[in-house]
Structures are given as structure tokens and as C-alpha cells.
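Position 151 of the sequence shown, counting from 1, maps to 151 under full-length UniProt numbering, and the rest follow consecutively. Backbone N, C-alpha and C define an ideal beta-carbon position, used for all residues, glycine too. It should be emphasised that the depicted structure is a prediction, and the values quoted were computed from it without experimental measurement. Comments concern the structure below.
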Amino acid sequence: MSAFSAIGDPEEAEEDEFTPGIEPQPTWCPGCGDFAVNNALKKAMANLGKNPDEVLLCTGIGCSGKLNSYFESYGFHTIHGRSLPVARAAKLANPGVEVVAAGGDGDGYGIGGNHFMHTARENHDMTYIVFNNEIFGLTKGQTSPTSPKGHKSKTQPSGSAKDPVRPLSLSLASGASYVARTAAVNPNQAAEIIAEAVEHDGFAHVDFLTQCPTWNKDARQYVPYTDVQDSEDYDFDVTNRQEAGEMMYEVESKLYEGEVLTGRFYKDDRPSYGQEKRSTGEMPEEPLAERYYDEDAEWERCAEQLIDKHT
Ligand SMILES: Cc1ncc(C[n+]2csc(CCOP(=O)(O)OP(=O)(O)O)c2C)c(N)n1
Ligand code: SF4
Ligand SMILES: [Mg+2]
């Protein structure tokens, strides 16, 4: 099924086609890890031969949420923690579009944690990139769900008393069918992992370690890192749930001991939510997004048709 596009036929894209021409330069601070996510996403999409008009990027709120101002595609800058429900709806209405959701650790593992859990459980076909800088960046450095225990911030001046969320383990337990971690310091691996996540049919979660040099100065800059797939010290089967779970637990524990492990941790090929629904006939083959689209019609008339059908 090809992507429904209102603005022309897809052609092969170059990486800089994903750079908007009319937007200002990014306002991220110098040295921010968020630049690396943007670069990796552009590279991944170009390497896959995608075009901006084949992609929808839904973001949450935060420094991370600014991504869709700096990435050329269809976009929806949602409210805090709500990139996933918007992305789900868009994918179900228009299965041919390549849907990417993105946001911060506070956005995705905190306020949007419920959506994260259920979007993973239902295996909606999309890529979800979480910029994990272990703090609330935009609001100036408060403790986030991934801040390490003991982390001092304005909201926890004596140090956080909480154990951090384990995002990879949470993702696996919830039902994500692709789980990986990469880091801003590893641009080639980041682009490869995002490309794999985009290619994956199902919910693909990428925990992307992004340093915040402005508000999290004491944090590790995620170097040196090890790619578990390149290391002889780690041997596990990414398709085996139990082995993947044990590996994730080790990876998450080691991060807080100062060792950065990245790579692919889990992959299964069960059908996505949309595939299940179409196989039972409950979801029609004709995408909802195309049902009301008529090239020759005025947009006002299309809207009237839609209202007529539902009243
Ligand atoms: C409902 C709601 N609560 C709180 C806020 C304030 N707020 C804006 S961004 C943010 C935290 C962002 O942290 P994170 O998701 O980690 O993104 P980062 O800025 O670190 O990329 C908060 C609490 C908001 N915008 N909306
Ligand atoms: S405050 Fe931190 S996360 Fe936000 S743009 Fe600056 S360096 Fe990046
Ligand atoms: Mg954050």
C-alpha cells in the first residue's frame, strides 16, 4: 500500500530534503544531544529512500518536542505526553504513511507513560524515539523518571530518593516488538537503528541517550559506550524474550554504574495492531484517509461530505 499524499508523487529523497527551508535554525543549546537525533533520523529516512511527504512526525512537549520544527515532513506537535495517541490514530487512518513519534524521557516515561505502555502492548506500527537525557530539559533541569537515584536537581535538592524507570524492560514487558538503545555519541549506529525501527512492522522503541550539557552537567556524556552486538562479552538472542529481558536488566543497571551499553535488544515479528484488524475484516482495506479525498473537490465540499456521512 502506498502512502496517501496530497502533495505529489514520492520520489527518492536526499538527506537534506528533510531539512525545512523556511524554519529558523534549531534553538537547541550548543552541544545538546538532540541534534544527533535529528541528524540520525534524516540519515535513516534518506537511506531508506523515503520522502518528506511519506512521513508523519508526531512530537510531545520539551526540548525534544521541537524536533518537528527542524525535520521536514508532515508533523503534529502534540501536547505533553500525547504524541503516541495522535500517532496511533494517524497510522490507523492512513496505514501507508510512515509514522514516527518522538519526545523526551519526561514526556514518554512520565506523563505519557500510560500511552507508552498501551501503544507497545497493542503493537501499533510506528517508530517511537525517546530522547533520554535523564532530566526535564525545557523546564530547566528538574528530576525526570530516568534521573538516577541520588541525582540532585531543583526539585530534589538533597538527591532523588527514587529508583529510575527501566525503559527497555518496561517496553519489553509492555509488548514492544522492537527495542533498542543508541546514543548521541554514536551517530552511525543511531542512524542504522532508526532505519531498522522504521522498517520494522510493529511498535519499534528506540531509547536514545541524549546529553543535556545545560541542565545536567554532572551527567555522563554517554562515553565510552559499547555496542553489545560488536562485543564478544555479550551473547544473547534478540528474538528470545527471556534472554532479551535479562540483557536489558543488565544494560539498565550498568548505565547507573557508569557503563554505557547500546544496541538492539529485542525483536519479534508478530502482526501489528493494524494487520490483526485487517485480517479479521474489522478494518477496511481502503484507508480512512482516502475515503473522503477527492482531487477535484474543494476542501470545503470534502468537509461537507464527511459531515453528511456522519449525521
Ligand atoms: C500537562 C503539562 N504538564 C507540564 C508541562 C510543563 N513541561 C513542559 S516540558 C516538560 C518536561 C520535558 O521533559 P522531557 O520530556 O524529558 O523533555 P526534554 O525537554 O528533556 O527534551 C514539562 C514538565 C506541560 N507543558 N504540560
Ligand atoms: S536545555 Fe538541555 S535538552 Fe534543552 S536544548 Fe539545551 S542542552 Fe538540549
Ligand atoms: Mg528529558
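Any non-hydrogen atom of ligand 3 within 7 Å of residue i CB
i           : result
residue 116 : no
residue 38  : no
residue 131 : yes
residue 83  : no
residue 307 : no
residue 53  : no
residue 75  : no
residue 141 : no
residue 135 : yes
Classification of residue i by the beta-carbon crowding that lies within 10 angstroms, buried from 16 upward
i           : result
residue 140 : exposed
residue 7   : Because residue 7 carries a pLDDT of 36, less than 50, the predicted location of this residue cannot be relied on, and no value is offered for it.
residue 95  : buried
residue 22  : exposed
residue 91  : buried
residue 309 : exposed
residue 170 : buried
residue 223 : exposed
residue 166 : buried
residue 279 : exposed
residue 194 : buried
residue 304 : exposed
Residue i beta carbon near ligand 1 (any heavy atom closer than 7 Å)
i           : result
residue 32  : no
residue 144 : yes
residue 104 : yes
residue 151 : no
residue 205 : no
Per-residue DSSP class, three states only, for residue i
i           : result
residue 4   : Because the pLDDT of residue 4 is 38, which lies under 50, any placement of that residue in the model is unreliable, and the question is left without a value.
residue 88  : helix
residue 225 : strand
residue 251 : helix
residue 138 : coil
residue 77  : strand
residue 238 : coil
residue 176 : coil
residue 266 : strand
residue 18  : helix
residue 184 : coil
residue 48  : coil
residue 71  : coil
residue 207 : strand
Assumed close pair residue i, residue j - CB separation to whole angstroms, cut-off 8 Å
i           : j           : result
residue 132 : residue 146 : 6 Å
residue 249 : residue 179 : At roughly 13 Å, the Cβ-Cβ gap does not stay under 8 Å, so residue 249 and residue 179 are not in contact.
residue 26  : residue 70  : 5 Å
8 Å Cβ cutoff, residue i in contact with chain D
i           : result
residue 202 : Structure shown: chain D not included; a single protein chain is present.
beta-carbon residue i near ligand 2 non-hydrogen atom, thresh 7 Å
i           : result
residue 138 : yes
residue 63  : yes
residue 155 : no
residue 213 : yes
residue 29  : yes
Residue i: CB within 7 Å of a non-hydrogen atom of ligand 4
i           : result
residue 107 : You won't find ligand 4 in this model; what it holds is ligand 1, ligand 2 and ligand 3.
Practice problem: Give, in chain order, every unbroken run of the beta strand (DSSP E) that is at least 3 residues long and sits entirely within the stretch 89-164. | Solution: 98-104 and 126-132
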